[in-house]
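Each step along the sequence shown adds one to the number in my numbering, with nothing skipped, and position 464 is 1054. Working notes for the structure below.
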Amino acid sequence: LSGAAREELRRRLLGLIEGHRVVIFSKTYCPHSTRVKELFSSLGVDCNILELDQVDEGAGVQEALSEITSQRTVPSVFVNRVHVGGCDHTFQAHQSGLLQQLLQQDPAYDYDLIVIGGGSGGLSCAQEAAVLGRKVMVLDFVVPSPRGTAWGLGGTCVNVGCIPKKLMHQAALLGQALTDSRKFGWEYSQQVRHSWATMTEAIQSHIGSLSWGHRLALREKAVTYVNSYGEFVEHHKVKVQQLERGLPGRLKVVAKSTEGTETIEGIYNTVLLAIGRDSCTKKLGLEKIGVNVSEKTGKIPVNDEEQTSVPYVYAVGDVLEGKPQLTPVAVQAGKLLARRLFGGRSEKCDYVNVPTVVFTPLEYGCCGYSEEKAGEVYQAENLNVYHTLFWPLEWTVAGRDNNTCYAKIICNKLDNDRVIGFHVLGPNAGEITQGFAAAMKCGLTKQLLDDTIGIHPTCGEVFTTLEITKASGLDITQKGC
591 LSGAAREELR RRLLGLIEGH RVVIFSKTYC PHSTRVKELF SSLGVDCNIL ELDQVDEGAG
651 VQEALSEITS QRTVPSVFVN RVHVGGCDHT FQAHQSGLLQ QLLQQDPAYD YDLIVIGGGS
711 GGLSCAQEAA VLGRKVMVLD FVVPSPRGTA WGLGGTCVNV GCIPKKLMHQ AALLGQALTD
771 SRKFGWEYSQ QVRHSWATMT EAIQSHIGSL SWGHRLALRE KAVTYVNSYG EFVEHHKVKV
831 QQLERGLPGR LKVVAKSTEG TETIEGIYNT VLLAIGRDSC TKKLGLEKIG VNVSEKTGKI
891 PVNDEEQTSV PYVYAVGDVL EGKPQLTPVA VQAGKLLARR LFGGRSEKCD YVNVPTVVFT
951 PLEYGCCGYS EEKAGEVYQA ENLNVYHTLF WPLEWTVAGR DNNTCYAKII CNKLDNDRVI
1011 GFHVLGPNAG EITQGFAAAM KCGLTKQLLD DTIGIHPTCG EVFTTLEITK ASGLDITQKG
1071 C
């Protein structure tokens, strides 16, 4: 089928699924299909059955169906728009009671999509679904700390992640630039001081404007936004509640050093745990509907379409098990999910070729595989790893170290030396990495890099002149300017 014909077939299939209580895609000679049809018959349930071996475009239907469900076999069963699965899954659902619950559900729901969590992924999915004509609600509520700390719409990125982090990173770079400026002839006698209060006030003001902008965007797209906590109480039913601020308590803290026998004990009303983030999944009622959650991490495992163990529940963003915790990844995954659910599209999120950067004073950017992971996937003997240290021109006059910045690419020998890993440690690593990420999506090879004319003098041009492989053992330190 042509691309247009395939999309039209997908739309027709989705319409069939949307318009009937039970839909079974079957084949007349398939014993598993027969068992499923007999099950629904014994339950007295009327089904819309499409026998793929009896229609002219049966093969095309099965192919389109596999793109929608990731299941390539029949029978394929849908109940009230939920994909139950094949024969085994249908009988398992019957034995667990899930099938009966799905059959009893009123298909006239209040919303086509409810998004719990107004972070980057949730907002992206909600707005795209609304653009596609669906009725959408967003529930977002940050439980205040005992001291009342909370924030607005936008999730981690806007409020306590990417945005304030990058702005504080810029503040640090400006401080370093002031130090370097004397070497470039800038003379000033007054003492330079940094005001934390001035910086944080300006950053908080910008964050507030971004959060308000997200609220306006939801309003413009007719998305219902409720600043409340969402919790599953049963299948297809979410309870909305407002949580009150907790009163400051007092905690007895006992801590022991990992490097000795010293024990510290005291009574405190505030405890700061600088150990990363926990996923807010414990109080969502996921166990009431059977969504699998990692006991160790609290994160949610999904398939390659962000579908959880419950067919109608999906997850995107930092809550996913084993996926990058990055805003652009969540935005892309959320948008593509909405298009698959409501737009008849099939594109899935690419979780491998993901560019990212660490905004430390000396930035680190990467895209694709690490050297270790590439060795696991492709075998080390099938890789060429090119690398070098480099000295940014701006650092020469300032007298900074000439062997600090580093560039590396990992290439697959068996695929025309295609670049499968990109790594750079140096100034503006994020800006450098973004462009190379697009090139990698287009199949960048080592030869294409060699054929590229660099912009001189820049840090990015180092990737057009890489010659030394790690296997050669040659020295990569810079001997001069």
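Where a beta carbon is used, it is the ideal one built from N, C-alpha and C, also for glycine.
Alpha-carbon to alpha-carbon, residue j and residue i
i     : j     : result
T1023 : V948  : 11 Å
N749  : Q760  : 17 Å
E657  : K938  : 10 Å
I753  : G708  : 16 Å
C1071 : G989  : Legend: pLDDT at C1071 = 49, less than 50; position of this residue unreliable, value from coordinates given subsequently. So the alpha carbons of these two residues sit roughly 11 Å apart.
V844  : D868  : 21 Å
S660  : V732  : 35 Å
E953  : H1013 : 11 Å
V881  : L693  : 19 Å
V1052 : G965  : 24 Å
G1011 : E777  : 43 Å
Y701  : F668  : 19 Å
P1017 : K963  : 25 Å
T853  : N859  : 19 Å
L874  : E821  : 4 Å
G907  : V987  : 43 Å
Q644  : T618  : 8 Å
A970  : L642  : 46 Å
H679  : D646  : 28 Å
S818  : R805  : 14 Å
H796  : T950  : 21 Å
L633  : S686  : 15 Å
S779  : A812  : 56 Å
L800  : E791  : 15 Å
Y976  : G1044 : 17 Å
E855  : K872  : 29 Å
V626  : C677  : 6 Å
G593  : E1021 : 35 Å
K870  : V861  : Here the sequence assigns Cys to residue 870, which means Lys is not the residue at that position. For C870 and V861, the distance between alpha carbons rounds to 19 Å.
P901  : A720  : 21 Å
Residue nearest to residue i in terms of C-alpha spacing, selected from the options
i     : options                  : result
Q832  : Q780, D730, E849         : D730
R809  : E1051, N1002, K725, V906 : K725
F980  : A988, N993, T986         : N993
K827  : S631, V705, L629, A762   : V705
P918  : C747, F822, V975, V883   : C747
N638  : Y858, L603, P901, P734   : L603
S899  : H673, H977, V728, L874   : H673
L916  : E877, C956, K886, S936   : C956
A1019 : T1054, G1050, A970       : G1050
G650  : A716, C677, G676, R600   : R600
G765  : T1048, E641, H784        : H784
M1030 : L1064, Y959, L983        : Y959
W802  : T1042, E718, G742        : G742
L722  : L927, E628, S1062, S623  : L927
M789  : K755, K1060, I857        : K755
S1059 : H622, K1003, S623, K829  : A small correction: the amino acid at residue 1059 is Thr; Ser does not occupy that position in the sequence shown. The shortest Cα separation from T1059 among H622, K1003, S623, K829 belongs to K1003.
L703  : S714, Q691, Q717, M727   : M727
Close Cβ partners of residue i (< 7 Å) along its chain, the five nearest in sequence each way excluded
i    : result
L910 : K889, I890, V892
Q922 : C939
E895 : S660, R930, K938
G711 : V906, G907, A920, V921, A923, G924
A740 : V732, P734
Y699 : H826
E597 : G934
Cβ shell of residue i (< 6 Å), same chain only, five flanking positions each side left out
i     : result
L689  : A683
T1035 : N1006, D1007, R1008
Q1068 : L979, W981, N992, N993
S936  : E657
C1072 : Since the displayed the chain opens at 591 and closes at 1071, residue 1072 lies outside it and no answer follows.
L757  : I793
K913  : Y941
V1026 : Contrary to the premise, residue 1026 reads as Phe rather than Val in this sequence. Once the five neighbours on either side are set aside, the close Cβ partners of F1026 are F1012.
Chain-order list of residues whose beta-carbon lies under 8 Å from that of residue i (same chain, five-residue window excluded)
i     : result
E608  : R671
Q1037 : N1006, D1007
C620  : V664, P665
**OP:** Would you list, in sequence order, the uninterrupted alpha helix (DSSP H) runs of no fewer than 4 residues that lie entirely inside the region 1004-1031?
**Re:** Fully enclosed alpha helix (DSSP H) runs of 4 or longer: 1019-1031.
Original post:
Touch check for the region 605-620 and the region 664-671: three-plus C-beta pairs under 8 Å?
Top reply: Per the Cβ contact rule, the region 605-620 is in contact with the region 664-671 (3 or more Cβ pairs under 8 Å).
**OP:** Could you tell me which uninterrupted alpha helix (DSSP H) segments, each at least 4 residues in length, are contained entirely in the region 746-832, listed from first to last along the chain?
**Re:** Runs of the alpha helix (DSSP H) lying entirely within the region 746-832 and spanning at least 4 residues, in chain order: 752-771, 786-810.
Original post:
At what residue ranges does the region 881-966 contain a whole run of the alpha helix (DSSP H), taking only runs of 4 or more?
Top reply: Every unbroken stretch of the alpha helix (DSSP H) spanning 4 or more residues and falling wholly within the region 881-966 is given here in chain order: 917-932.
Subject >> Length at least 3, wholly inside the region 667-720: the beta strand (DSSP E) runs in chain order >> reply: The DSSP assignment places complete beta strand (DSSP E) segments of no fewer than 3 residues inside the region 667-720 at 672-675, 703-706, in order along the chain.
Subject >> Three or more C-beta pairs below 8 Å linking the region 925-945 and the region 764-771 >> reply: Contact fails: fewer than three Cβ-Cβ distances are below 8 Å.
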